[in-house]
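> Handing you this structure, nothing more for now.
2 protein chains.
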Amino acid sequence: MAEESQKWVLMVTAQTPTNIAVIKYWGKRDETLILPVNDSISVTLDPEHLCTTTTVSVSPAFDQDRMWLNGKEISLSGGRFQSCLREIRSRATDVHDKEKGIKITKKDWEKLNVHIASYNNFPTAAGLASSAAGFACLVFALSKLMNANEDHSQLSAIARRGSGSACRSLYGGFVKWIMGKDEKGTDSLAVQLADEKHWDELVIVIAVVSSQQKETSSTTGMRDTVETSLLLQHRAKEVVPKRILKMEEAIKNRDFASFAQLACTDSNQFHAVCLDTCPPIFYMNDTSHRQASFLNLIISLVEKWNRAAGTPQVAYTFDAGPNAVLIARNRETAALLVQKLLFCFPPKSDADLNSFVLGDKSILKDAGVESLEAIESLPAPPEIKDPSQRHRGDVSYFICTRPGRGPVVLSDESQFLLNPETGLPK
Amino acid sequence: MAEESQKWVLMVTAQTPTNIAVIKYWGKRDETLILPVNDSISVTLDPEHLCTTTTVSVSPAFDQDRMWLNGKEISLSGGRFQSCLREIRSRATDVHDKEKGIKITKKDWEKLNVHIASYNNFPTAAGLASSAAGFACLVFALSKLMNANEDHSQLSAIARRGSGSACRSLYGGFVKWIMGKDEKGTDSLAVQLADEKHWDELVIVIAVVSSQQKETSSTTGMRDTVETSLLLQHRAKEVVPKRILKMEEAIKNRDFASFAQLACTDSNQFHAVCLDTCPPIFYMNDTSHRQASFLNLIISLVEKWNRAAGTPQVAYTFDAGPNAVLIARNRETAALLVQKLLFCFPPKSDADLNSFVLGDKSILKDAGVESLEAIESLPAPPEIKDPSQRHRGDVSYFICTRPGRGPVVLSDESQFLLNPETGLPK
Chain A
30 MAEESQKWVL MVTAQTPTNI AVIKYWGKRD ETLILPVNDS ISVTLDPEHL
80 CTTTTVSVSP AFDQDRMWLN GKEISLSGGR FQSCLREIRS RATDVHDKEK
130 GIKITKKDWE KLNVHIASYN NFPTAAGLAS SAAGFACLVF ALSKLMNANE
180 DHSQLSAIAR RGSGSACRSL YGGFVKWIMG KDEKGTDSLA VQLADEKHWD
230 ELVIVIAVVS SQQKETSSTT GMRDTVETSL LLQHRAKEVV PKRILKMEEA
280 IKNRDFASFA QLACTDSNQF HAVCLDTCPP IFYMNDTSHR QASFLNLIIS
330 LVEKWNRAAG TPQVAYTFDA GPNAVLIARN RETAALLVQK LLFCFPPKSD
380 ADLNSFVLGD KSILKDAGVE SLEAIESLPA PPEIKDPSQR HRGDVSYFIC
430 TRPGRGPVVL SDESQFLLNP ETGLPK
Chain B
30 MAEESQKWVL MVTAQTPTNI AVIKYWGKRD ETLILPVNDS ISVTLDPEHL
80 CTTTTVSVSP AFDQDRMWLN GKEISLSGGR FQSCLREIRS RATDVHDKEK
130 GIKITKKDWE KLNVHIASYN NFPTAAGLAS SAAGFACLVF ALSKLMNANE
180 DHSQLSAIAR RGSGSACRSL YGGFVKWIMG KDEKGTDSLA VQLADEKHWD
230 ELVIVIAVVS SQQKETSSTT GMRDTVETSL LLQHRAKEVV PKRILKMEEA
280 IKNRDFASFA QLACTDSNQF HAVCLDTCPP IFYMNDTSHR QASFLNLIIS
330 LVEKWNRAAG TPQVAYTFDA GPNAVLIARN RETAALLVQK LLFCFPPKSD
380 ADLNSFVLGD KSILKDAGVE SLEAIESLPA PPEIKDPSQR HRGDVSYFIC
430 TRPGRGPVVL SDESQFLLNP ETGLPK
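Protein chains in written order, with the numbering used here: chain A, 30 to 455; chain B, 30 to 455.
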């Protein structure tokens, strides 16, 4: 332990991306260990636009483990936090900070408490996989602090205990979560299929409908599906394994047609098994959000566009939340997509374009839409049946992004979320 | 042939019920012969409230086959009409009407033309199985006119060529359409599981949302599902056969709990395979009808009610159209159901109660709702989250009905749709 003083504080800050599944994870074979019924594949989103930043710190002065999320203290007593903390602590090794004169032995870590502060640069629980980025960042940052010399795959298996899809946020680019066979879950972990530079033409546009929390939690929904859907087992055992192979091939070859076809059909099948659940789960048409028309319209727009173009231009995928994720084959297509989306879902009249389209705003320039007036004078997309009906205000905002990198450690102290002296939130 | 005169007209009028599937038919293994990928089970609805009446007539004076539907002449050139006409004609036998002095031999039928007039006592193509009742009635009436001595099962196989579910309208009560194995479809026919008196407590309430035609026709939808859904084959081969056995057992034992559970889950699974289709089919949330909220609300109401009651009170089932079919375990429950439905979906203020609730209106008395004012002062059902939101006008009208009888011949000339002298519409 540090010899000179009990007042030292040691900290690490990390940034971790969120991810969107293109072959979906739905259903656990073990609820405690969070072991899935099938493999899944995701695209990591650029942390510049969507990420979690987490500062973890340790000090002999801390009398208990504490955590702050987006500035508010939250309880760490939940099993998922405890699993992650326990797993990382058991892998802690000796730390020697020569500059500060701090020595922490493997044994010391059992007694030392940590402070954790985490911040999402996007709305929490809006269905944007905040828990995926969050648990991945927690585990990654703690592993750095505690000098746990595990590779990213091994860390992913720990993050998985926090939130299943978190394991896929340990890598950038294109990631596969291998379901594994081991009863204890040691082989249920993520691997990188390709990094973000492998296929950097893709543009991802997220339409955020509402930042209200979803009605059915994923955990409850998955449990109900596993217990009651007679189609889920067929999906998990027969359909997904073949799709995973095809999706890996599509990613390897940057074959957008296959990628889009697989992503769309898998998103629809995920919602199909939700509907085959008793009682049925309607993530795609929550009564409270006018969502049915929103998602139907987007699906119909994309399907018609892809058919007319002769080959897929855009893929859609919908998670267990109210938002739509659209993946365009390249920037040109993305500009067209943004035009079509802004026509269908213009902002409320008192909106500010700058807070209506977030992320990579340069797409707006490509789309020739640099003012609210330009949105109003957009031509009606040919895919739309009734161009007189514009769904004003149905989309809260859009985020334009791209495939992005995996977790990184931030060394700039200004980005730390905890005070380096006190270990309390800044 | 009639010897005395070429002016005679011979006619038969029949009435045939519609039916609602409780184990769904979705997907053909042969499109021309209309052979399904699985068995299905239906309840025949009381023809007093929903039926087709068809008059078929023959005369040497008719120079071609002609048909009128709801008073308008329609073409008989379609393959489905032609199949039914050809099949019945090939089974025609000698007819001798002593009173009129008419003799028609088996051979004469090949040259004689028919006139057909058909009338539905409910909106056509509103998703109320008008084609089922229609083709069943056509085949049944023609078989009587032409003295085709086939039993109802054999006739059902002919009606199937007109519209798959028509085969189930050849019987009253509870009916199974056996998919059969024969490539030519000879064994794909309907059998009666129990007549309408076997379980006469059931009350059926249909909420009609709109009489607009549905967006995706069943034929196209089924074809797309068969070609693209990876879940359909599993449903057809693994799930439905077991459900059919359980549903037969539930009907035999009048076991409402099993009946309701099977009907609801099968309806949801049918919509799940529609969603698993490429492009996905959304019968449950058509953009144009505000239907998402309508059906979600009904499902959520029934699911909550059934859970709170400890045992199912009401079953729901939704076909490939915009309407909801609710089956209540008995009249007491039906009265409660009607109260809840009228609370959630009151008529527009200028409505007339008499044309808002059709069919067996005595349920209204049981429900204590005999005026529009009574609807306004109904208590909010405990299953409803937000009782301030009443979906006024979302339901066009309700039909209260019950399990009913199979086809009958009508002898009352006032009910004939063709003039007995001319064979033309009255």
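Even glycine gets a Cβ: it sits at the ideal position worked out from N, Cα and C.
(1) Please give me, in chain order, every unbroken run of the beta strand (DSSP E) with length at least 3 that falls completely inside the stretch 322-371 of chain A.
(2) Count the other CB atoms within 10 Å of the CB of K57/A; is the residue buried (16 or more) or exposed (fewer)?
(3) Determine the direct distance from the alpha carbon of F385/B to that of R336/B, and round the result to whole angstroms.
(4) Rounded to the nearest angstrom, how far is the Cβ of K173/A from that of V437/A, given a contact under 8 Å?
(5) Which residues in chain A have a C-beta closer than 7 Å to the C-beta of F427/B? List them in chain order.
(6) What residues in its chain sit with their C-beta under 7 Å from that of T245/B, if we drop five residues either side in the sequence?
(7) Mind listing the chain A neighbours of I328/B? Cutoff is C-beta to C-beta under 9 Å, in chain order.
(8) If distances are taken between C-alpha atoms only, which option among N448/B, P432/B and G452/B comes closest to K226/B?
(9) Is the beta carbon of A146/B less than 8 Å from the beta carbon of T81/B?
(10) Quick one: any contact between the stretch 100-107 of chain B and the stretch 254-267 of chain B, if contact means 3 or more CB pairs under 8 Å?
(11) Since V168/A is in the beta strand (DSSP E), which residue starts that stretch and which ends it?
(12) As a quick exercise: from V124/A, D348/A and D94/A, pick the residue whose alpha carbon is nearest that of F110/A.
(13) Report the residue from I273/B, D126/B, S425/B and R190/B whose alpha carbon sits nearest the alpha carbon of N176/B.
(14) Suppose contacts are defined by Cβ-Cβ distances below 8 Å. Is G214/B in contact with A188/B by that definition?
(15) Taking C-alpha atoms, which residue in L371/B, V424/B, P410/B and P411/B lies nearest to A403/B?
(16) With distances taken from CA atoms, which of K394/A, N352/A, D381/A and V331/A is nearest E361/A?
(17) Please compile the residues from chain A whose C-beta is within a distance smaller than 9 Å of the C-beta of L260/B.
(18) Based on the DSSP secondary-structure assignment, which residues constitute the bridge partners of S147/A?
(19) Are the Cβ atoms of I117/B and L171/B separated by less than 8 Å?
(20) Do you know offhand how far Q418/A's Cα is from C373/A's?
(21) Taking Cβ-Cβ distances below 9 Å as the criterion, which residues of the stretch 43-76 of chain A are in contact with chain B?
(22) Let me know the secondary structure DSSP gives M276/B once reduced to three states.
(23) Assign N297/B to one of two classes, buried (16 or more other C-beta atoms within 10 Å of its C-beta) or exposed (fewer than that).
(24) Locate the alpha helix (DSSP H) running through M251/B, then write down its first and last residues.
(25) Which residues in the same chain as A121/A place their Cβ atom closer than 7 Å to its Cβ, once the five residues preceding and following it in sequence are excluded?
(26) Against chain B, with Cβ distances strictly below 8 Å, would E332/A count as a contact?
(27) When we look at the beta-carbon of A279/B and count the other beta-carbons within 10 Å, is it buried (16 or more) or exposed?
(28) Taking C-beta pairs closer than 7 Å, name the residues in chain B that T294/A reaches, listed in chain order.
(29) So does the stretch 283-292 of chain A actually touch the stretch 328-345 of chain A, counting three or more Cβ pairs closer than 8 Å?
(30) Ignore the nearest five residues each way along the sequence and tell me which others in K455/B's own chain have a CB closer than 6 Å to its CB.
(31) Excluding the five sequence neighbours on either side, which residues of its own chain have a C-beta within less than 6 Å of the C-beta of L74/B, listed in chain order?
(32) Rounded to a whole number of angstroms, what is the C-alpha to C-alpha distance between A420/A and L324/A?
(33) Looking only at C-alpha atoms, which of A265/A, C166/A, V38/A and A349/A sits nearest to L98/A?
(34) If you compare alpha carbons, which of T306/A, V168/A and S192/A is closest to L184/A?
(35) Buried or exposed: where does S409/A fall if 16 or more other Cβ atoms within 10 Å of its Cβ makes it buried?
Here's the rundown:
(1) 343-346 and 353-357
(2) buried
(3) 29 Å
(4) Rounded, the Cβ-Cβ distance is 10 Å, inconsistent with contact.
(5) Simply none; closest approach about 21 Å.
(6) I310
(7) P308, P309 and F311
(8) P432/B
(9) no
(10) no
(11) Where V168/A is concerned, there is no enclosing beta strand (DSSP E), although the alpha helix (DSSP H) it sits in stretches over S159 to L174.
(12) D94/A
(13) D126/B
(14) no
(15) L371/B
(16) K394/A
(17) L260, H263, R264, V268, Q298, A301, V302 and D305
(18) T83/A and L98/A
(19) yes
(20) 8 Å
(21) none
(22) helix
(23) buried
(24) S247 to T257
(25) K135, W138, M175, N176 and A177
(26) yes
(27) buried
(28) C307
(29) yes
(30) N448
(31) P46, T47, T430 and G433
(32) Looking at the sequence shown, residue 420/A is not Ala but His. The alpha-carbon atoms of H420/A and L324/A are separated by roughly 12 Å.
(33) C166/A
(34) V168/A
(35) Note that residue 409/A corresponds to Ala in the displayed sequence, not to Ser. Per the 10 Å Cβ criterion, exposed.
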